[in-house]
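In what follows, a structure is listed as structure tokens, so that the remarks can point back to it.
There are 2 protein chains.
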Amino acid sequence: MNSPAEIRQNIRNGIWSGPTTGLAQAYAQANLVILDRRYAFDFLLFCVRNPKPCPILEVLEPGVFVPDRVADQADIRTDIPLYRIWENGSSFVEQTDISAVFNTDMVSFLLGCSFSFEGALIGAGIPVRNIEEGKNVSMYITSRSCEPAGPFSAPLVVTMRPIPHELVSRAVQITSRYASVHGAPIHIGDEKILGIPDLSAPDFGDPVTIKDGETPVFWACGVTSTLAVLSAKPPLCITHSPGHMFVSDILNEQLAVI
Amino acid sequence: MNSPAEIRQNIRNGIWSGPTTGLAQAYAQANLVILDRRYAFDFLLFCVRNPKPCPILEVLEPGVFVPDRVADQADIRTDIPLYRIWENGSSFVEQTDISAVFNTDMVSFLLGCSFSFEGALIGAGIPVRNIEEGKNVSMYITSRSCEPAGPFSAPLVVTMRPIPHELVSRAVQITSRYASVHGAPIHIGDEKILGIPDLSAPDFGDPVTIKDGETPVFWACGVTSTLAVLSAKPPLCITHSPGHMFVSDILNEQLAVI
């Protein structure tokens, strides 16, 4: 098993360019958003107002690319396997290194990811279907709106995991501990309440099997932050490519509230 | 017992200009910081990086004075009993109304206050000495530094409450629930570890009696945010006067994490 530092080294040297799912599972992975400083206050406020979909792990001052607090030897310009560089929030190119694009006015946000609590669920004997089936988690755009901030707004995006009826309370308890990585479910049961027409047709990721005796359970999802960033149509912004996350030196257990 | 709305009305009309300790005890009270928008990102980042001393309840966009999310009929320019208007972070005047000073570039921050968890401690049979003795809580400047952000830095300021030995774990459990209002203690026991020379000589507030069979327990304190604001020496900033807090419509129980 490679350490987060070794994984980042392999990514930086081009040895690894795939998704980070399942790598260094004890450690927190993060979503990345990079914006010009003009947008920094409003986007930070968007995250503060919507902590469940946009849990803040680290924010770097303008021009800073070493995320001291979560991985003091890392470089956020090179240590993510695949980036998306967005123009006007509508079209993007993908690159494996953004050193040539990064400038001194750029503010980087690292936001928590549900990979952190999936390990805790599995450790408690609660099945995580997307991992069992080797798929991306199912993600849905809901009819709920986040609290806007400045030019940033977005519908709440959720992930869904089917949980055996008798383990639903336990799943709530376990994920409640991880408030800084999405925390407790935002909804349990009928997807219609969230305005989701069909669980077998997720907006992002893959559909997973829902077995007899299971309840769909919904958690806030970090993809919300990407939709929020794009909603402001910044001339230039940078995100990670889905599934290609930043691997930090922070243990998931360090993020637990209690 | 007056409602938060009635209390704010009395403050606005000049009927109440004293401290807010003990008013509408079920509801969260907040520290106020108002800064020019030039400082908004860095100060918000300071709070995000130091959530225990600076728990964010609400941040208002530039020029906004109605705190929609925590009290949608309130006006933060008139509804606090006493304000301090600071010049260059060093000298202040006190006023009961800041309507004439507030402008469209001002960003207001409402930060949580330990009044919220004191009620929960009392409700669990844990004595809160400062309330028993009718004093201000004892506050101390520690030798620990907060994480700085931009021009903002501060030592960690703590409150101390003496807790019977056998109730210390229970006090940790109860206050852990209130992560958005300082949360769990940051230290239990020997004050020297925090660089505090003498518990009977607090830097702010009053000394309280420590009885035989009690352990001093230390929580992060919102006064930290005031020291941080002043450290940046902004030409103009506004805070509440100590003990004269904003009374919100949010129940303390709504702030509990679990």
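Same order as they appear, the protein sequences are chains A and B. Quick note, the first sequence lines up with residues 1 to 258 if you use this note's numbering. Quick note, the second sequence lines up with residues 259 to 516 if you use this note's numbering. We put the beta carbon where it would ideally sit given N, CA and C, even for glycine. As the structure is a prediction and not an experimental result, all values here were calculated from the model.
**Asked** Hey, does A:Ala30 have any beta-carbon neighbour from chain B nearer than 9 angstroms?
**Response** It does not: the Cβ of A:Ala30 has no partner Cβ on chain B nearer than 9 angstroms.
**Request:** Please state if the CB of A:Trp219 and the CB of A:His261 are separated by a distance shorter than 9 angstroms.
**Result:** With chain A running from 1 to 258 in the structure shown, residue 261 of chain A is simply not present.
**Residues of its chain near A:Asp105, where Cβ-Cβ distance is below 6 angstroms and the 5 sequence neighbours each way are ignored** = Asp36, Arg37, Pro62
**Prompt:** Hey, does A:Arg49 have any beta-carbon neighbour from chain B nearer than 9 angstroms?
**Reply:** For A:Arg49, the answer is yes, since a Cβ of chain B falls inside 9 angstroms of its Cβ.
**Message:** Going by the DSSP bridge assignment, what does A:Phe152 pair with across the sheet?
**Reply:** A:Ala149
**Asked** Can you name the residues of chain A whose CB is closer than 8 angstroms to the CB of B:Ala437?
**Response** Ala179, Val257
**Request:** Return no unless some Cβ of chain B is closer than 9 angstroms to the Cβ of A:Phe41.
**Result:** Among the residues facing chain B, A:Phe41 is included, as its CB has a counterpart in that chain under 9 angstroms away.
**Prompt:** Closest to B:Pro420 by CA distance: which of B:Ala412, B:Arg387, B:Met397 is it?
**Reply:** For B:Pro420, the nearest C-alpha among the options comes from B:Arg387.
**Nearest to B:Ile334 (by Cα), restricted to the options B:Val395, B:Ala378, B:Met503, B:Cys305** = B:Met503
**Request:** Please say whether A:Ile188 and B:Ile516 have beta carbons closer to each other than 9 angstroms?
**Result:** No, Cβ-Cβ distance for B:Ile516 and A:Ile188 is not below 9 angstroms.
**Message:** Using only the alpha-carbon positions, how far apart do B:Gly370 and B:Val481 sit?
**Reply:** It is roughly 11 angstroms from the alpha-carbon of B:Gly370 to the alpha-carbon of B:Val481.
**Message:** Can you give me the C-alpha to C-alpha distance between A:Arg12 and A:Pro81, rounded to a whole angstrom?
**Reply:** 8 angstroms
**Item:** Best match in A:Ser17, A:Thr215, A:Glu214, A:Ala184 for proximity to A:Pro55 [C-alpha to C-alpha]
**Value:** A:Ala184
**Item:** Partner residues on chain A for B:Val317, Cβ-Cβ distance less than 7 angstroms
**Value:** Leu45, Val48
**Message:** At a cut-off of 8 angstroms, would you count A:Pro19 as near the ligand SAH, judging by its Cβ distance to the nearest heavy atom?
**Reply:** The ligand SAH is absent from the structure shown, which contains no ligands of any kind.
**Contacts of A:Ser176 in chain B (Cβ-Cβ under 8 angstroms)** = Val515, Ile516
**Item:** Residue interval of the alpha helix (DSSP H) (run including B:Gly381)
**Value:** For B:Gly381, the enclosing alpha helix (DSSP H) begins and ends at 373-381.
**Item:** DSSP-derived helix/strand/coil call for A:Arg84
**Value:** strand
**Item:** Neighbour flag for A:Ile131 against chain B, beta carbons, 9 angstroms
**Value:** no
**Top-ranked residue by Cα proximity to B:Leu513, from B:Ile496, B:Tyr436, B:Asp461** = Selected option, being the one with the closest Cα: B:Tyr436.
**Item:** Where A:Ile56 meets chain B, residues with beta-carbon distance less than 7 angstroms
**Value:** Val306
**For B:Ala459, the nearest candidate out of B:Ser396, B:Ser506, B:Thr433 (CA to CA)** = Closest in alpha carbon position to B:Ala459, among B:Ser396, B:Ser506, B:Thr433, is B:Ser396.
**Prompt:** Is it buried or exposed for B:Gly471, if we count other Cβ within 10 angstroms and need 16 for buried?
**Reply:** exposed
**Through-space distance from B:Ser261 to B:Val430, alpha-carbon basis** = In a straight line, the C-alpha of B:Val430 is about 30 angstroms away from that of B:Ser261.
**Asked** For B:Thr417, which of helix, strand or coil comes out of DSSP?
**Response** strand
**Message:** Could you tell me the alpha carbon to alpha carbon distance between A:Leu194 and A:Arg144, rounded to whole angstroms?
**Reply:** 7 angstroms
**Request:** Name the one or two DSSP bridge partners that B:Glu352 has.
**Result:** In DSSP, B:Glu352 forms a bridge with B:Arg342.
**Request:** Reducing DSSP to helix, strand and coil, say where A:Pro4 ends up.
**Result:** helix
**Request:** Buried or exposed for A:Lys52, please, with buried defined as at least 16 other CB atoms from any protein chain shown within 10 angstroms of its CB.
**Result:** buried
**Request:** Report the three-state DSSP secondary structure of A:Ala24 (helix, strand or coil).
**Result:** coil
**Request:** Report yes if the CB atom of A:Asp203 is closer than 9 angstroms to the CB atom of A:Tyr140, and no otherwise.
**Result:** yes
**Item:** Where A:Arg69 falls: helix, strand or coil (DSSP)
**Value:** coil
**Reduced DSSP category for B:Asn388 - H, G, I as helix; E, B as strand; rest coil** = helix
**Message:** Looking at the strands, I want to know which residues DSSP matches up with A:Gly112.
**Reply:** A:Ala30
**Request:** Please list, in chain order, all residues of the same chain as B:Ala490 whose beta carbon is under 7 angstroms from its beta carbon, the five residues on each side excluded.
**Result:** Tyr297, Gly347, Pro409, Phe410
**B:Leu318, enclosing beta strand (DSSP E) - first and last residue** = 314-318
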